[in-house]
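Enquirer: The opening residue of the sequence shown carries number 1 in my numbering; numbering runs sequentially from there.
Just so you know, even glycine gets a beta-carbon here, dropped at the ideal spot from N, CA and C.
Values in this document were obtained by computation on a predicted structure and should not be read as measured data.
Here you go, one structure.
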Amino acid sequence: MPFSATLPKATIWKDIISAMAEVLTEGAFLADPTGLFSYGLSPDHTVFVHLHCSSDAFSDYSCDKQYMFGLNLDELKKVMRRAKARDQLRMGIDEQKNRYFVEFIRGGVRRFELAILDPVGLEQAKNLYEQKLSQKSFDCAVRLDAKLVVDALRDAKLVSESVKFKVDEEGFTIEAHGALGEYKTIIKKTDPAMLEFKVSKPVQACYSLELLIDIVKSAKTDVLFEFSENSPVKITYNVEAAALIFFVAPRVEE
């Protein structure tokens with residue numbers, strides 16, 4: 001078996017796939033002895049996604065050499081909706097059938113198998129991340145309580161399709177303006193929901209609300225935003241011991 005891995009909670013993989021499937025139709029994965037990774041660019045080129053699952057993130061992990069494979073994320077998301085709160089998860093590659101499998105384990109074993117796709121664009125996306133995106137520096141870094149972020153973005157969606165992020169020496173502002181109203185949330189650097197705050201100069205940028213909500217709704221604890229003036233925003237959060245990183249293109253203000 002080229003690759004197999006076990007998670008103590010199936011909901012970990014459920015949350016990861018749910019977030020990735022919001023922006024990618026197909027996922028390109030790379031398994032090697034150090035862990036399981038994914039790199040991908042959304043079809044409209046507005047979002048880059050990176051998944052980092054080191055071998056330590058799994059309760060059991062086996063991979064002797066590098067193995068690359070693709071999966072239909074919409075289909076995998078449907079499968080993962082069948083995961084129950086107390087299920088363990090085992091996944092891997094059935095080499096004889098050339099299938100990716102997912103097993104939900106609790107009392108018995110429920111097994112799903114999915115077709116393996118070509119990992120289209122994986123090497124190019126990996127190079128883009130390692131040589132360019134991971135090297136980017138930003139003028140601010142703001143880590144916030146995840147629930148506050150999700151609530152604020154959903155509030156903003158009531159009045160607009162886009163949201164503006166503003167950071168100055170006092171804190172972080174999320175605001176939205178529409179034809180019929182406006183919305184604002186201010187989180188000062190001293191507020192309990194502000195878990196990390198770094199700023200080199202005041203900056204602001206505008207992003208699609210729908211995209212941001214889809215990306216951060218799987219976050220359970222905290223979310224890190226890093227951006228510069230009218231630049232892509234880097235969004236990072238953990239799902240247990242796995243890390244999800246997104247780069248979202250800014251939206252041009254009308």
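Buried or exposed, going by whether 16 or more other CB atoms sit within 10 Å of the CB of residue 137?
Expert: Counted from its first residue, the sequence shown places residue 137 at position 137. Residue 137 is exposed by the Cβ-count criterion.
Enquirer: Between the alpha carbons of residue 123 and residue 62, how many angstroms are there, rounded?
Expert: Numbered from 1 along the sequence shown, position 123 holds the residue referred to as residue 123. Numbered from 1 along the sequence shown, position 62 holds the residue referred to as residue 62. Distance between the alpha carbons of residue 123 and residue 62 is about 22 Å.
Enquirer: According to the Cβ coordinates, are residue 249 and residue 11 closer than 8 Å?
Expert: The residue you call residue 249 lines up with position 249 of the sequence shown. The residue you call residue 11 lines up with position 11 of the sequence shown. Residue 11 is positioned such that its CB atom lies no closer than 8 Å to that of residue 249.
Enquirer: Expressed to the nearest angstrom, what Euclidean distance is found between the alpha-carbon atoms of residue 91 and residue 60?
Expert: Position 91 of the sequence shown holds residue 91. Position 60 of the sequence shown holds residue 60. C-alpha separation (whole angstroms): 10 Å.
Enquirer: Beta carbon of residue 70, beta carbon of residue 27: below 8 Å?
Expert: Counting from one through the sequence shown, the residue named residue 70 turns up at place 70. Counting from one through the sequence shown, the residue named residue 27 turns up at place 27. Cβ distance < 8 Å, so residue 70 and residue 27 count as in contact.
Enquirer: Output the boundary residues of the beta strand (DSSP E) element that contains residue 234.
Expert: Numbered from its first residue, the sequence shown carries residue 234 at position 234. Residue 234 -> beta strand (DSSP E) spans 233-239.
Enquirer: Give the DSSP bridge partners of residue 162, in chain order.
Expert: Your numbering for residue 162 matches position 162 in the sequence shown. Residue 162 is bridged to 208.
Enquirer: Check whether the Cβ atoms of residue 40 and residue 49 sit closer than 8 Å, and answer yes or no.
Expert: Position 40 of the sequence shown holds residue 40. Position 49 of the sequence shown holds residue 49. Yes.
Enquirer: Would you kindly work out how many angstroms separate the C-alpha atoms of residue 229 and residue 198, rounded to a whole number?
Expert: Taking the first residue of the sequence shown as position 1, residue 229 is located at position 229. Taking the first residue of the sequence shown as position 1, residue 198 is located at position 198. Taking the straight line from one Cα to the other gives about 15 Å.
Enquirer: According to DSSP, is residue 196 part of a helix, a strand, or is it coil?
Expert: Along the sequence shown, one-based indexing puts residue 196 at 196. In this structure, residue 196 counts as strand in the three-state DSSP scheme.
Enquirer: Classify residue 24 as helix, strand or coil using the three-state DSSP reduction.
Expert: Your numbering for residue 24 matches position 24 in the sequence shown. It is coil, neither helix nor strand.
Enquirer: In terms of alpha-carbon separation, which member of 231, 99, 147 and 168 lies closest to residue 218?
Expert: Reading the sequence shown from its first residue, position 218 is the one you call residue 218. The shortest Cα separation from residue 218 among 231, 99, 147 and 168 belongs to 147.
Enquirer: Would you tell me roughly how many angstroms separate the C-alpha atoms of residue 125 and residue 188, rounded to the nearest one?
Expert: Taking the sequence shown and counting its residues from 1, one reaches residue 125 at position 125. Taking the sequence shown and counting its residues from 1, one reaches residue 188 at position 188. When rounded, the distance between both Cα atoms is 36 Å.
Enquirer: Which same chain residues, not among the five before or five after residue 143, have their C-beta less than 6 Å away from its C-beta?
Expert: Here residue 143 refers to the residue found at position 143 when the sequence shown is read from its first residue. So the qualifying residues of the chain are 195, 196, 222 and 224.
Enquirer: Apply the 10 Å Cβ neighbour rule to residue 80 and answer buried if 16 or more other Cβ atoms are within range, or exposed otherwise.
Expert: Here residue 80 is taken as the residue at index 80 of the sequence shown, counted from 1. The residue is buried, with at least 16 neighbouring Cβ atoms inside 10 Å.
Enquirer: According to the neighbour-count rule (16 or more other Cβ atoms, all chains shown, within 10 Å of its Cβ), is residue 158 buried or exposed?
Expert: The residue labelled residue 158 in the question sits at position 158 within the sequence shown. Answer is exposed; the Cβ neighbour count stays below 16.
Enquirer: For residue 55, which option in 242, 246 and 247 has the closest C-alpha, if you only look at C-alpha atoms?
Expert: As a position in the sequence shown, residue 55 is number 55, starting the count at 1. Of the candidates 242, 246 and 247, the one whose C-alpha sits nearest the C-alpha of residue 55 is 242.
Enquirer: Whole angstroms is fine: what's the gap from residue 150's alpha carbon to residue 96's?
Expert: If you number the sequence shown from 1, residue 150 lands on position 150. If you number the sequence shown from 1, residue 96 lands on position 96. Distance between the alpha carbons of residue 150 and residue 96: 43 Å.
Enquirer: Near residue 245, which residues of its chain fall below 6 Å by C-beta distance, leaving aside the five closest residues on each side in sequence?
Expert: Mapped onto the sequence shown, residue 245 falls at position 245. So the list reads 50 and 236, once near-sequence residues are dropped.
Enquirer: Would you kindly check if the distance between the Cβ of residue 193 and the Cβ of residue 145 is under 8 Å?
Expert: The residue given as residue 145 occupies position 145 in the sequence shown. The residue given as residue 193 occupies position 193 in the sequence shown. Less than 8 Å separates the beta-carbon of residue 145 from that of residue 193.
Enquirer: Excluding the 5 residues flanking residue 162 on each side, which residues of the same chain have their C-beta closer than 8 Å to its C-beta?
Expert: Taking the sequence shown and counting its residues from 1, the one referred to as residue 162 is at position 162. So the qualifying residues of the chain are 176, 206, 207, 208, 209, 251 and 253.
Enquirer: Indicate whether residue 185 and residue 174 have their beta-carbon atoms separated by less than 8 Å.
Expert: For the purposes of this step, residue 185 is taken as the residue at position 185 of the sequence shown. For the purposes of this step, residue 174 is taken as the residue at position 174 of the sequence shown. Yes, the Cβ-Cβ distance between residue 185 and residue 174 is below 8 Å.
Enquirer: Would you check if the distance between the CB atom of residue 94 and the CB atom of residue 101 is smaller than 8 Å?
Expert: By one-based count along the sequence shown, residue 94 stands at place 94. By one-based count along the sequence shown, residue 101 stands at place 101. Result yes, Cβ atoms of residue 94 and residue 101 sit closer than 8 Å.
Enquirer: Determine whether the beta carbon atoms of residue 7 and residue 135 lie at a separation below 8 Å.
Expert: Within the sequence shown, residue 7 is the residue found at index 7, counting from 1. Within the sequence shown, residue 135 is the residue found at index 135, counting from 1. No, the pair does not count as a contact, with Cβ atoms beyond the cut-off.
Enquirer: Taking residue 78 as part of the alpha helix (DSSP H), name the residues at either end of that continuous run.
Expert: The sequence position of residue 78 within the sequence shown is 78, counting from 1. 73-80 is the extent of the alpha helix (DSSP H) around residue 78.
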